[in-house]
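Reading through the structure tokens given below for one structure.
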Amino acid sequence: MKKVLSVLLTGAMAVSMLAGCGGGSSAPAQSEAPAEQGKEEAPAEQGGAEAPAEGEAQAEGTGKVAIVTNTVSQNEEEYRSAETMSQKYGDRIVHVTWPDNFMTEQEQMITTVSKLAADPEIKAVIINQAVPGTNAAIDKLLETRDDMLIIYGTPQENPEDVAARADIILQPNELDMGPAMVEQAVKMGAKTFVHYSFPRHMAQVLLSARRELIKEKCAELNIEFVDATAPDPTGDSGTTGAQQFILEDVPKMVAQYGKDTAFFSTNCAMQVPLIKASVEQGAIYPQPCCPSPYHGYPAALGLVSEEDSAVEKMNIQDIVDQTTKSLEDAGVLGRFSTWPVPVAMMITVAGTEYAFDWMAGKTNGNLDMDVLKAKMDEYAGLDCNMSPYTDDAGTSYDNYQLIMMDYLTYGE
Numbered sequence: 003m004k005k006v007l008s009v010l011l012t013g014a015m016a017v018s019m020l021a022g023c024g025g026g027s028s029a030p031a032q033s034e035a036p037a038e039q040g041k042e043e044a045p046a047e048q049g050g051a052e053a054p055a056e057g058e059a060q061a062e063g064t065g066k067v068a069i070v071t072n073t074v075s076q077n078e079e080e081y082r083s084a085e086t087m088s089q090k091y092g093d094r095i096v097h098v099t100w101p102d103n104f105m106t107e108q109e110q111m112i113t114t115v116s117k118l119a120a121d122p123e124i125k126a127v128i129i130n131q132a133v134p135g136t137n138a139a140i141d142k143l144l145e146t147r148d149d150m151l152i153i154y155g156t157p158q159e160n161p162e163d164v165a166a167r168a169d170i171i172l173q174p175n176e177l178d179m180g181p182a183m184v185e186q187a188v189k190m191g192a193k194t195f196v197h198y199s200f201p202r203h204m205a206q207v208l209l210s211a212r213r214e215l216i217k218e219k220c221a222e223l224n225i226e227f228v229d230a231t232a233p234d235p236t237g238d239s240g241t242t243g244a245q246q247f248i249l250e251d252v253p254k255m256v257a258q259y260g261k262d263t264a265f266f267s268t269n270c271a272m273q274v275p276l277i278k279a280s281v282e283q284g285a286i287y288p289q290p291c292c293p294s295p296y297h298g299y300p301a302a303l304g305l306v307s308e309e310d311s312a313v314e315k316m317n318i319q320d321i322v323d324q325t326t327k328s329l330e331d332a333g334v335l336g337r338f339s340t341w342p343v344p345v346a347m348m349i350t351v352a353g354t355e356y357a358f359d360w361m362a363g364k365t366n367g368n369l370d371m372d373v374l375k376a377k378m379d380e381y382a383g384l385d386c387n388m389s390p391y392t393d394d395a396g397t398s399y400d401n402y403q404l405i406m407m408d409y410l411t412y413g414e
């Protein structure tokens with residue numbers, strides 16, 4: 003698996019932002035206007051649970067942590083996770099954003115990071131996501147600040163180049179996720195696995211390779227694999243047409259294969275109708291394309307409108323509790339699951355907590371896997387499976403960690 007992963011990650015990293023999940027956020031572009039790029043963010047009040055007073059937590063040591071995220075329109079989970087850290091640690095956090103059009107604004111990215119390097123109080127920088135152009139920006143930073151701790155989240159440049167610059171790299175293990183979701187579906191009673199996608203996605207190396215791994219795992223576990231083609235949301239029928247197709251096709255699939263059919267789609271826009279239809283049909287849904295309690299479930303179950311932001315309005319426990327209640331009311335507990343926490347948010351939070359420990363001298367060097375894993379496990383509330391990236395030559399990069407975790411099965 004690691005040999006396959008190394009080849010595919012190298013080829014697919016640069017296009018991962020353009021894949022179906024777009025980095026893991028289902029937030030609408032109009033959620034909230036992002037703060038001015040390159041400036042320190044004022045933390046916004048979080049919904050759902052009472053937010054801690056700004057600066058209430060006191061980290062040991064001295065120094066600040068800079069967090070670079072995409073804007074709220076690009077990935078809300080990452081953006082809100084930085085706000086959470088700002089609320090917790092006050093002015094010891096500096097939150098800045100990449101430009102929305104980062105592919106064409108590389109100089110702006112360099113300027114953003116250079117401003118962070120110019121602040122001697124900033125001792126660590128967490129970049130989530132490490133979009134294309136991040137390496138060039140970090141190269142500029144390293145010209146004057148080789149003393150900073152550098153953490154990348156979900157990088158999209160050559161893994162070898164990334165590993166040479168960042169002290170720590172964290173990324174979901176997208177390929178291992180394929181076989182894992184089949185195993186999860188079988189645990190929930192699946193006898194058939196339906197994989198919805200379309201030619202544009204299947205032309206992407208990472209997504210097509212994951213489909214093949216899903217297909218192989220289905221054969222190994224003796225369940226039927228159905229390769230279903232849905233309309234491309236960017237095509238003539240648009241997002242509305244693609245969503246309507248899912249709403250109409252899931253009942254047909256259940257009529258043909260029975261209720262013990264698991265459904266998965268590679269596209270974010272299809273998650274809400276897929277969850278809705280699966281609930282109505284009493285089918286099985288192992289995970290959204292971007293596994294997170296926030297992705298698909300809140301809007302599909304009517305917990306928030308599709309225009310509202312579940313990330314902003316409710317904390318994770320609220321979402322999990324309300325999702326569980328809705329699925330219980332529908333009589334489908336034990337047949338729906340996801341990852342228990344949004345990985346995008348976990349990378350920011352765990353990375354920040356690790357950085358403060360590092361500044362306080364509580365880690366064994368820049369990369370202390372025991373401390374790092376403890377921070378990840380603490381946020382997730384369970385054991386995170388972390389494994390180093392290994393390239394096709396067999397070289398293992400201990401600072402490049404791929405993340406998997408057990409499923410949250412609603413009702414268990």
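For the sequence shown, this note's numbering gives the first residue as 3, with consecutive numbering after it. We put the CB at the ideal spot given by N, CA and C, even for glycine. Just so we're clear, the structure is a prediction, and the values are computed from it rather than from any experiment.
Is H297 helix, strand or coil when you go by DSSP? Coil at H297, not helix or strand.
Cβ of Q283 within 8 Å of Cβ of K261? Contact: yes.
Which residues in the same chain as G180 place their Cβ atom closer than 6 Å to its Cβ, once the five residues preceding and following it in sequence are excluded? Around G180, the same chain offers R212, L215, I216 as residues with beta carbons nearer than 6 Å, after the five sequence neighbours per side are excluded.
Could you check how far apart the C-beta atoms of P293 and T325 are, in whole angstroms? I think they sit under 8 Å. In fact, because the Cβ distance is near 13 Å, the residues do not count as touching under 8 Å.
Tell me the residue span of the beta strand (DSSP E) that contains F195. Per DSSP, F195 belongs to the beta strand (DSSP E) from 194-199.
Tell me, which residues are paired with E226 by DSSP? Note: E226 sits in a beta bridge opposite T194.
Measuring alpha carbon to alpha carbon, tell me which of M150, T268, D370, N224 ends up nearest A230. Of the candidates M150, T268, D370, N224, the residue whose Cα lies closest to the Cα of A230 is T268.
Evaluate the contact criterion for the region 108-124 versus the region 133-144: three or more CB pairs, one atom per stretch, below 8 Å. Short answer: they touch.
Three-state secondary structure (DSSP) at A68? Looking at A68 - three-state DSSP - the assignment turns out to be strand.
Backbone CA spacing between W360 and I286 [nearest angstrom]: Their Cα atoms are separated by approximately 43 Å.
Cut-off 7 Å between Cβ atoms - residues of its own chain near E123, not counting five sequence neighbours on either side: The answer, listed in chain order, is G65, K66.
Just tell me which of D393, Y391, D385 has its CA closest to the CA of D408. Among D393, Y391, D385, the Cα nearest to that of D408 belongs to D385.
G180 (DSSP reduced to helix, strand or coil): The three-state reading of DSSP puts G180 in helix, counting H, G and I together.
With a cut-off of 8 Å, do at least 3 Cβ pairs link the region 88-108 to the region 120-135? Because the criterion of three Cβ pairs below 8 Å is met, the region 88-108 and the region 120-135 touch.
I need the straight-line Cα distance from A357 to T241, nearest angstrom please. Between A357 and T241, the C-alpha separation is close to 41 Å.
Just to confirm the assignment, what range does the alpha helix (DSSP H) spanning V127 have? Element bounds for V127: not the alpha helix (DSSP H) but the beta strand (DSSP E), 124-130.
Pair within 8 Å by beta-carbon distance, I128 and Y402: In this structure, Y402 does not lie closer than 8 Å to I128 by Cβ.
G353: buried (16+ other C-beta within 10 angstroms of its C-beta) or exposed? Buried: at least 16 other Cβ atoms inside 10 Å.
Tell me the residue span of the beta strand (DSSP E) that contains D400. Element bounds for D400: 398-407.
For K254, count neighbouring Cβ atoms within 10 angstroms of its own Cβ and tell me buried if that reaches 16, exposed if not. Exposed: under 16 other Cβ atoms inside 10 Å.
Coil, strand or helix - L410 by DSSP: In the structure shown, L410 sits in a strand (DSSP, three-state: E or B).
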